[in-house]
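157 is the number of the first residue of the sequence shown in the numbering used here; add one for each residue after it. Here the structure comes first, spelled out in structure tokens, and everything after it is commentary.
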Amino acid sequence: MRLGILISGRGSNFEAIANAISRRKLDAEIAIVICNRPNAGGLDFARERGIPMRVIESRGMEREAYDKLVIDELRTHEVDLVCLAGFMRLLSASFVHAFPNRVLNIHPSLLPAFPGLDAQRQALEYGVRITGCTVHVVDEFLDSGPILVQSAVPVLDTDTVETLSARILAQEHAIYPKAIQLMVERRITLQGRRAMIREDEVD
Ligand code: GAR
Numbered sequence: 157m158r159l160g161i162l163i164s165g166r167g168s169n170f171e172a173i174a175n176a177i178s179r180r181k182l183d184a185e186i187a188i189v190i191c192n193r194p195n196a197g198g199l200d201f202a203r204e205r206g207i208p209m210r211v212i213e214s215r216g217m218e219r220e221a222y223d224k225l226v227i228d229e230l231r232t233h234e235v236d237l238v239c240l241a242g243f244m245r246l247l248s249a250s251f252v253h254a255f256p257n258r259v260l261n262i263h264p265s266l267l268p269a270f271p272g273l274d275a276q277r278q279a280l281e282y283g284v285r286i287t288g289c290t291v292h293v294v295d296e297f298l299d300s301g302p303i304l305v306q307s308a309v310p311v312l313d314t315d316t317v318e319t320l321s322a323r324i325l326a327q328e329h330a331i332y333p334k335a336i337q338l339m340v341e342r343r344i345t346l347q348g349r350r351a352m353i354r355e356d357e358v359d
């Protein structure tokens, strides 16, 4: 399966995906990394590893026009599955329709709690005892598509946004490659909002 990874910043989830591929935990290939910000940290990692990448700056561009550029680039690289990895832009309906049920996102909360920006801060300020992260299929609304995999993380009394975010991030790095591998193995069937996951076959 050929992956197109969209990033905006640090790119640690992108790294986790690339590392899972190197360790043969994920049977896929990164066809292209697209970044909407020219100075994003994740670009250095792509350069170091020789992973094909392209900066398509989004600043000042209309959503539909921007998304069309990204769709074209993904199609040029024959991408089968698009993985948003800290890509901080809402996608248009045309983008979602260009890759139906083929766009995944990772979000740092147990959705549907705390969608949008600063999910870890939202969780801390709300006072939940448990938060976590979610891999979901992207639809045209914010952080709202069918949920594939979640991981729970307890909130400690001593937590700051930074410490909580770091523990959630470790779980993100674990579940994102796993969720992608489930797609690779075609073990996920969507029934409305519900993702049915076929158990591993035992020989
Ligand atoms: C991650 O925590 C990811 O879940 C979050 O941005 C961070 C990106 O980190 N995404 C969102 O909040 C999307 N709504 P990374 O660039 O190191 O992967």
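We treat Cβ as the ideally placed atom computed from N, Cα and C, and that holds for glycine. All of these numbers come straight from a predicted model, not from anything done at the bench.
- In this structure, the CA atom of D356 is about 46 Å from the CA atom of G216.
- DSSP assignment within the stretch 283-313 yields no whole alpha helix (DSSP H) run of 4 residues or more.
- Per DSSP, the continuous alpha helix (DSSP H) segment holding A249 begins and ends at A249 to A254.
- Here G283 is exposed. Its C-beta has fewer than 16 other C-beta atoms within 10 Å.
- A distance criterion of 7 Å places the beta-carbon of P264 in contact range of ligand 1, judged by its closest non-hydrogen atom.
- For the 8 Å CB-CB criterion, L237 and L159 form a contact.
- Counting the other Cβ atoms within 10 Å of the Cβ of H292 gives 16 or more, which makes it buried.
- The criterion of a C-beta distance shorter than 8 Å is not satisfied by A174 and P208.
- Contact check between the stretch 255-263 and the stretch 335-354: three or more CB pairs, one atom from each, fall below 8 Å, which counts as touching.
- Note on the stretch 186-268: whole alpha helix (DSSP H) runs with a minimum of 4 residues are 198-205, 219-232 and 249-254, in chain order.
- Using a cutoff of 7 Å, the CB of L325 counts as near ligand 1, since one of the ligand's heavy atoms is closer than that.
- Per DSSP, R323 is not a residue of any beta strand (DSSP E); the alpha helix (DSSP H) it occupies stretches across V317 to V340.
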